[in-house]
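2 protein chains.
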Amino acid sequence: MGNSLTSRSQDYSQWYNDLILKGGLADYSAVRGCMVIKPYGFGLWENMRDVLDRKFKETGHQNAYFPLFVPKSLFEAEEKNAEGFAKECAVVTHYRLKADPDNKGKLIVDPNARLEEELVVRPTSEAIIWNTYKNWIQSYRDLPILINQWANVVRWEMRTRLFLRTAEFLWQEGHTAHATKAEAIEETKKMLDVYADFAEQYMALPVLRGVKSANERFAGAEDTYCIEALMQDGKALQAGTSHFLGQNFAKAFDVKFADKENKLEYVWATSWGVSTRLIGALVMAHSDDEGLVIPPRIAPLQVVIVPIYSKDEAMKARLDAKAGEIIKELRAKGVSVKYDNDDSNRPGWKFAEHELRGVPVRIALGPRDMENNLAEVARRDTKEKLSVSLDGISNYVADLLEEIQQQMFNKALKFREENSRNADTWEEFVRLLDEQPGFIYAHWDGTPETEEKIKELTKATIRCIPLDNPQEEGKCILTGSPSAQRVVFARAY
Amino acid sequence: MGNSLTSRSQDYSQWYNDLILKGGLADYSAVRGCMVIKPYGFGLWENMRDVLDRKFKETGHQNAYFPLFVPKSLFEAEEKNAEGFAKECAVVTHYRLKADPDNKGKLIVDPNARLEEELVVRPTSEAIIWNTYKNWIQSYRDLPILINQWANVVRWEMRTRLFLRTAEFLWQEGHTAHATKAEAIEETKKMLDVYADFAEQYMALPVLRGVKSANERFAGAEDTYCIEALMQDGKALQAGTSHFLGQNFAKAFDVKFADKENKLEYVWATSWGVSTRLIGALVMAHSDDEGLVIPPRIAPLQVVIVPIYSKDEAMKARLDAKAGEIIKELRAKGVSVKYDNDDSNRPGWKFAEHELRGVPVRIALGPRDMENNLAEVARRDTKEKLSVSLDGISNYVADLLEEIQQQMFNKALKFREENSRNADTWEEFVRLLDEQPGFIYAHWDGTPETEEKIKELTKATIRCIPLDNPQEEGKCILTGSPSAQRVVFARAY
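Now the structure itself:
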């Protein structure tokens, strides 16, 4: 219909970019690696954010806001964290521009306005936050601190992709402080479950819950828990992480509390985050060659009604009146609905446009159907079209939205199951990676060196060691050394 | 009660800082001029944001997100805007840190990672947004664009104050594009009304609606509309601005559209914003020597219930049960309520704490009252205490919250009326400024030079020329030149 999308089989990567750009989710910007999130994409993010924010509050967290800038001396305090992020930091060095004396109308950085200490634009906020918590924590009565922040962060990535890897992105970062190790680990796991439930119940995205190997751990963490999703091209995507930070940041920033026996102890920490990257995961997991497919529970627009006008003005008025009724009923049920009665576009063009944008349900109201008390209901996910009685159509549509939500999850789960395999030898492992990519369950000797070597040879990494992983004796696919469990390998975004 | 607040008469400025810090709204940070917004302050901001966001959406706007960074070449494109903000820009010049070879564990800016073009951290987003709109606008069918963004911005202010003037702050910025001048001006005024209604109906803050003089105009605007509020010390505070940008940005970024006759025209623009500065206005307008006073409609917590426990365990259970009932009823009415039954603090300490934090209504439930089927209800604004029957207490409290909201507005309005005066001579003007500061209505000859001179002599500025200003012949208080209307002067935050 003139959208000229690239198909998945033609060029998966181009298909993805086409969907993001033509589906109206985002646009490139004048800033290297940064994107513009357009209203439709931002509406999706708002819906995701609102659900997560409610879940965070239900689990006792409050929002706060910490500075964008991290003074270099704080940034470098936790050594591993600093080392992990130093290579991709945007650094503010000056605080003023001035007129360019050689070039009228142009500006130059004022060399007299150099900062005494450089400021790092936050790539993550542990440093600035733990430097603040230091002042808030004296005794066990000040604990736990359960704070979340919705913010922008900057990581100067060299190779960027819309939503999946951008120099600036939006996220939330939870930062909690606890009196005991057990409580901090419990929090880490609790928030992983919040993420997993959100991904599965709202994004219709089945995820593996697991722990990262040392190589893939967050810089400065003792343990990184993650949820991992599988995309339609068989590559994995890390969809959220929850870190048990031990006492690393408490030690780096000297944050101690007096326990009930008045003994000074270092505080235990967690941090956890998901980002606008989730939108990339959503697109890659569900969409098809006609455009976006968005799960109803987070769709910016759930239902669109398109009237098929004839030249008969009386019929036009009847269609408008009936549409008005349906809209009123749907809105009363909390369903978002738009009446697309713009005369300047033909119905076929509109159908293609709403398909491209992934609106879950389309209702077409035409003269002939109207005479028969019917409407055509089309679902975006399966592209099925059904003639539905206008009596009780709003109930039908509300139920259908829930059915679509459920079936999208089931479909994605089935895909993941069909693309999860065991590999018992190196040959099998390499063949699967190339011919049937997906989650590959294989034995590994547990050493960072072997993991690194496998990555060098195949670009596959350990996505996670699943929680409650069955223990099974075996031999490492690369070294043949003994292994007590399989771990999940994949190539990843 | 140990809070040891400075009183207003002692030191108004210190009183303000005490309230922000001890009331739990914000804290200083390790970054010069930047603050931490604490959960209680952020809860207030969330409530304000949610109301505004709803109003923006009701008036047809959608949210989007544009990059934090503005390349220098875009930043300087609109000359007046660039000139206005150049002096207070944070500038990113490098994208990497590296290990300091001379200092183990320390990092330095990597001199090999200098950006080809410096990036300005947005002080406002017209430049980056109009550079984007250029790609989105071809014809009149693409207009209007009605977009808002919630974001952080950075202005490197030399003298900062918590909330009122910080190097980084949170705000929303609307950026709209229109086919005609009339439509853009209508939008500018519409959004000013949205701000004024929000300030008056939710913040209980009466505001003057007016237009800025040329000296006080936003850099790059044709006209700046504003709302101006009066603080308890008689100083004014600009609480929101809405700018008619003419075709300045369209010309700077070459944004044209084909009109219905297929003629190319430059696009008309507006921008409008309010920020976390509003929290400073709220504090200064309503609070007293015992702490914050927060209007119920935006209070993070509207009601607190404090049980007065005796040693009688059965009575304790009765108090808890009764509190549970009241909480359930209040929540069903959409009232936020907390049961402060923490045994480790005494009731008197809690009363002072909730007063400090400005919780609008406190209910104390004690054994003797309970026997008489009564509770003590205390309102924060007037400090009145009333014995209220437990029958129907939730209705009573819900009504009381609305009454408090209204009375807070009335009180602030009365204060403004009592502190708005005419000055007809220079002597009177100067005397009022020093002895009875407030809004001073005075004649002005309309020249930027005179305004500048008055500012130099008195630190007073023209806050606005009120909309629908009565026309009245007079003579400029400084120069004696003829004037057609009074304008509003004040010293300002």
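Protein chains in written order, with this note's numbering: chain C, 413 to 905; chain F, 413 to 905.
C-beta atoms are modelled at their ideal positions from N, C-alpha and C, and glycine is treated no differently.
### Message
Using a Cβ distance threshold of 8 Å, determine whether the region 729-741 of chain C contacts the region 683-696 of chain C, with at least three qualifying pairs required.
### Response
no
### Message
Taking the beta strand (DSSP E) that V715 (chain F) belongs to, which residues open and close that run?
### Response
The residue labelled residue 715 (chain F) in the question sits at position 303 within the second sequence. 715-719 is the extent of the beta strand (DSSP E) around V715 (chain F).
### Query
Are any of the Cβ atoms in chain F nearer than 8 Å to that of I710 (chain C)?
Residue mapping note: residue 710 (chain C) aligns to position 298 of the first sequence, counting from 1. No, no contact with chain F.
### Task
Identify each residue in the region 437-451 of chain F for which the Cβ-Cβ distance to at least one residue of chain C is less than 8 Å, and report them in chain order.
D439, S441, A442, V443, C446, M447, V448, I449, K450, P451
### Query
Taking the DSSP output, what are the residues bridged to Q650 (chain F)?
Position 238 of the second sequence, counting from 1, holds the residue named residue 650 (chain F). DSSP, once it has assigned bridges, lists F:E640 as partnering Q650 (chain F).
#### Entry: Contact under 8 Å by Cβ, L486 (chain C) with A539 (chain C)
By one-based count along the first sequence, residue 486 (chain C) stands at place 74. By one-based count along the first sequence, residue 539 (chain C) stands at place 127. Contact: yes.
#### Entry: Nearest to G703 (chain C) (by Cα), restricted to the options C:A670, C:S421, C:Y428
Working through the first sequence from its first residue, we reach residue 703 (chain C) at position 291. The candidate whose alpha carbon is nearest that of G703 (chain C) is C:Y428.
### Query
Do you know offhand how far C888 (chain C)'s Cα is from L869 (chain C)'s?
In the first sequence, residue 888 (chain C) corresponds to position 476, counting from 1. In the first sequence, residue 869 (chain C) corresponds to position 457, counting from 1. Approximately 15 Å between the Cα atoms of the pair.
### Message
Can you check whether the C-beta of Q474 (chain F) is within less than 8 Å of a C-beta belonging to chain A?
### Response
Among the protein chains in the structure shown, which are C and F, there is no chain A.
### Task
State the Cα-Cα distance for the pair N753 (chain C) and P719 (chain C), rounded to the nearest angstrom.
Taking the first sequence and counting its residues from 1, the one referred to as residue 753 (chain C) is at position 341. Taking the first sequence and counting its residues from 1, the one referred to as residue 719 (chain C) is at position 307. Rounded to whole angstroms, N753 (chain C) to P719 (chain C) spans 6 Å at the Cα level.
### Query
Could you give the residue range of the beta strand (DSSP E) that holds F665 (chain C)?
Residue mapping note: residue 665 (chain C) aligns to position 253 of the first sequence, counting from 1. Counting along the chain, F665 (chain C) falls outside any beta strand (DSSP E), and DSSP gives it neither H nor E.
### Query
So with Cβ pairs under 8 Å, would you call A670 (chain F) a contact of chain C?
The sequence position of residue 670 (chain F) within the second sequence is 258, counting from 1. No, A670 (chain F) does not count as interfacial toward chain C.
### Query
Using 8 Å as the threshold, is the region 576-586 of chain C in touch with the region 657-668 of chain C, meaning 3 or more CB pairs across them?
no
### Task
Report the neighbours of E470 (chain F) on chain C: residues whose CB is nearer than 7 Å to its CB, in chain order.
To locate residue 470 (chain F), count along the second sequence from 1; it is residue 58. Simply none; closest approach about 14 Å.
### Message
Let me check understanding here. Comparing Cα to Cα, which of C:E585, C:I866, C:S537, C:K728 lies closest to Y607 (chain C)?
### Response
Numbered from 1 along the first sequence, position 195 holds the residue referred to as residue 607 (chain C). Selected option, being the one with the closest Cα: C:E585.
### Query
DSSP on T379 (chain F), reduced to helix/strand/coil?
Only positions 413 to 905 of chain F appear in the structure, and residue 379 (chain F) is not among them; the question remains open.
### Residue interval of the beta strand (DSSP E) (run including T588 (chain F))
Sequence index remark: in the second sequence, residue 588 (chain F) carries index 176 (1-based). It spans 580-590 - the beta strand (DSSP E) in which T588 (chain F) sits, taken as one unbroken run.
### Query
Between which two residues does the beta strand (DSSP E) containing R791 (chain C) stretch?
The residue given as residue 791 (chain C) occupies position 379 in the first sequence. 786-791 is the span of the beta strand (DSSP E), which, as asked, contains R791 (chain C).
#### Entry: Listed by chain order, chain F residues near W568 (chain C) by CB distance under 8 Å
In the first sequence, counting from the first residue as 1, residue 568 (chain C) sits at position 156. Residues of chain F passing the Cβ test: Y507, R508.
### Task
Please work out which residues of its chain come closer than 6 Å, Cβ to Cβ, to V716 (chain C), disregarding the five sequence neighbours upstream and downstream, and give them in chain order.
Taking the first residue of the first sequence as 1, we reach residue 716 (chain C) at position 304. Exclusion of the five residues before and after V716 (chain C) leaves K750, D752, H766, V771, R774 as the residues of its chain whose Cβ lies within less than 6 Å of its Cβ.
### Message
Considering Cα atoms alone, identify which of F:I432, F:N459, F:S441, F:R420 is closest to P708 (chain F).
### Response
Within the second sequence, the letter at position 296 stands for residue 708 (chain F). Ranking F:I432, F:N459, F:S441, F:R420 by CA distance to the CA of P708 (chain F) puts F:N459 first.
### Which residues DSSP lists as bridging E677 (chain F), in chain order
Taking the first residue of the second sequence as position 1, residue 677 (chain F) is located at position 265. For E677 (chain F), which the question treats as bridged, DSSP gives the partners F:F669.
### Task
Could you tell me which chain F residues have their CB closer than 8 Å to the CB of L531 (chain C), listed as they occur along the chain?
Position 119 of the first sequence, counted from the start, is the residue given in the question as residue 531 (chain C). Going along chain F in sequence order, the residues near L531 (chain C) (Cβ under 8 Å) are V443, A502.
### Query
Does the Cβ of D803 (chain C) have 16 or more other Cβ atoms within 10 Å, making it buried, or fewer, making it exposed?
Position 391 of the first sequence, counted from the first residue, corresponds to residue 803 (chain C). Under this definition D803 (chain C) is an exposed residue.
### Query
Could you give the C-beta distance for K601 (chain C) and Y637 (chain C), rounded to a whole number, given that I count them as a contact under 8 Å?
The sequence position of residue 601 (chain C) within the first sequence is 189, counting from 1. The sequence position of residue 637 (chain C) within the first sequence is 225, counting from 1. So it is a contact: roughly 7 Å between Cβ atoms.
### Span of the beta strand (DSSP E), counted from its first residue to its last, around G850 (chain C)
Here residue 850 (chain C) refers to the residue found at position 438 when the first sequence is read from its first residue. Premise fails: G850 (chain C) is in no beta strand (DSSP E) and is neither H nor E.
### Message
Please report whether the beta-carbon of A494 (chain C) lies at a distance below 8 Å from any beta-carbon of chain F.
### Response
Looking up residue 494 (chain C) in the first sequence gives position 82. Answer yes: the Cβ-Cβ gap between A494 (chain C) and chain F drops below 8 Å somewhere.
### Task
Under 8 Å by Cβ, that's how I've got H590 (chain F) and L555 (chain F) pegged, so tell me the actual separation to the nearest angstrom.
Indexing the second sequence from 1 puts residue 590 (chain F) at position 178. Indexing the second sequence from 1 puts residue 555 (chain F) at position 143. Confirmed, Cβ separation roughly 6 Å.
### Message
To the nearest angstrom, how far is the alpha carbon of R444 (chain C) from that of A726 (chain C)?
### Response
By 1-based counting over the first sequence, the position of residue 444 (chain C) is 32. By 1-based counting over the first sequence, the position of residue 726 (chain C) is 314. Cα to Cα, the separation comes out at about 55 Å.
### Query
What are the start and end residues of the beta strand (DSSP E) that includes V749 (chain F)?
Taking the first residue of the second sequence as position 1, residue 749 (chain F) is located at position 337. Note, V749 (chain F): beta strand (DSSP E), 749-751.
### Task
Would you tell me roughly how many angstroms separate the C-alpha atoms of R903 (chain F) and G646 (chain F), rounded to the nearest one?
For the purposes of this step, residue 903 (chain F) is identified with residue 491 of the second sequence, where counting begins at 1. For the purposes of this step, residue 646 (chain F) is identified with residue 234 of the second sequence, where counting begins at 1. Cα-Cα distance, rounded: 8 Å.
### Task
Would you tell me roughly how many angstroms separate the C-alpha atoms of E677 (chain F) and A662 (chain F), rounded to the nearest one?
The count along the second sequence starts at 1 and reaches residue 677 (chain F) at position 265. The count along the second sequence starts at 1 and reaches residue 662 (chain F) at position 250. Approximately 10 Å between the Cα atoms of the pair.
### Task
Determine, using beta carbons only, whether K740 (chain F) comes closer than 8 Å to chain C.
Position 328 of the second sequence, counted from the start, is the residue given in the question as residue 740 (chain F). So, not an interface residue.
### Query
So which of F:D700, F:R898, F:K728, F:R791 has the shortest CA-CA distance to S421 (chain F)?
The sequence position of residue 421 (chain F) within the second sequence is 9, counting from 1. The option with the nearest alpha carbon to S421 (chain F) is F:D700.
#### Entry: Collapsed DSSP secondary structure at S419 (chain F) in the structure displayed
Translated into the one-based positions of the second sequence, residue 419 (chain F) becomes position 7. Correct three-state label for S419 (chain F): coil.
### Query
Between the Cα of W457 (chain F) and the Cα atoms of F:N475, F:A438, F:A824, F:A511, which residue gives the shortest distance?
Indexing the second sequence from 1 puts residue 457 (chain F) at position 45. With distances taken between Cα atoms, W457 (chain F) lies closest to F:A438.
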